[in-house]
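Contents: one structure, followed by commentary.
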Ligand SMILES: CC(C)(COP(=O)(O)OP(=O)(O)OC[C@H]1O[C@@H](n2cnc3c(N)ncnc32)[C@H](O)[C@@H]1OP(=O)(O)O)[C@@H](O)C(=O)NCCC(=O)NCCS
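Numbering (the working numbering), first residue to last: 433 to 583.
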């Protein structure tokens with residue numbers, strides 16, 4: 433089990449740099465509605481894993497985001513642990529369904545119970561979230577792939 437700590441304001445620059453390398457969305461990371469956790473290497477202090485989610489306004493839906501593992505540590509089960517952690521926290525907070533955007537890692541999400549979903553269904557129930565607002569504004573929503581599962 434890796435040790436995840438809630439991200440603080442002082443972590444944001446490091447998180448942005450880490451997620452940039454993982455090619456994930458940086459929009460709204462520092463917003464209070466985005467729940468974010470990180471793991472740092474004990475010796476170097478460098479971030480090697482992040483996970484998080486943003487809930488819908490009514491709390492019943494959760495957009496999982498920022499699930500990333502440092503490139504050299506992939507394939508060892510950390511990603512699955514991070515995904516489960518975010519889903520557990522979202523469920524603890526009352527979410528009943530998890531959603532996410534992923535163009536490249538669909539098979540990873542399918543292994544943990546996600547099935548393909550309609551991006552417009554996602555955008556409807558999670559309209560208030562930063563990622564949906566950004567993707568709607570930029571037109572990226574049309575190019576995205578959505579995934580969903582019950583919690
Ligand atoms: C996706 C990601 C988080 C997976 O992390 P990881 O630590 O390598 O994943 P795990 O080792 O827990 O993998 C769990 C299972 O999924 C499989 N898997 C992992 N990534 C996969 C991928 N991209 N495609 C297909 N299968 C994948 C693993 O082989 C493993 O299968 P197994 O249980 O049969 O051995 C990591 O590749 C990553 O950080 N990618 C960049 C960021 C990203 O795309 N995040 C997702 C969008 S939020």
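Glycine included, every Cβ here is placed at the ideal spot set by N, Cα and C.
What do you reckon, is the C-beta of residue 499 under 7 Å from a heavy atom of ligand 1?
Distances from the CB of residue 499 to the heavy atoms of ligand 1 include at least one below 7 Å.
One question on the structure: do residue 467 and residue 484 come within less than 8 Å of each other, judged by their Cβ atoms?
Note that the C-beta distance between residue 467 and residue 484 is below 8 Å.
Whole angstroms are fine: how far does the CA of residue 551 sit from the CA of residue 526?
In this structure, the straight-line span from the alpha carbon of residue 526 to that of residue 551 is close to 22 Å.
According to DSSP, residues forming a beta bridge with residue 567
Residue 567 is not bridged to any residue.
Restricting to runs no shorter than 4 residues, where is the alpha helix (DSSP H) found entirely within the segment 507 to 581?
Whole alpha helix (DSSP H) segments, 4+ residues: 510 to 524, 538 to 543, 551 to 557 and 562 to 570.
Alpha carbon to alpha carbon, how far is residue 547 from residue 539? Give it in angstroms, no decimals.
Each residue's alpha carbon lies about 10 Å from the other.
If you measure between the beta carbons of residue 499 and residue 518, is that distance less than 8 Å?
Yes, the pair counts as a contact, with Cβ atoms nearer than the cut-off.
What did DSSP end up calling residue 451 once you bin it into helix, strand or coil?
If DSSP states are grouped into helix, strand and coil, residue 451 belongs with the helices.
Provide the residue span of the beta strand (DSSP E) that contains residue 505, from first to last.
Note, residue 505: premise wrong, no beta strand (DSSP E); not H, not E.
Use the C-beta contact count for residue 570: other C-beta atoms within 10 angstroms, 16 or more gives buried, fewer gives exposed.
That one is exposed.
Can you give the beta carbon distance from residue 549 to residue 522, rounded, assuming they're within the 8 Å contact cut?
Actually they do not touch by this definition, with Cβ atoms about 16 Å apart.
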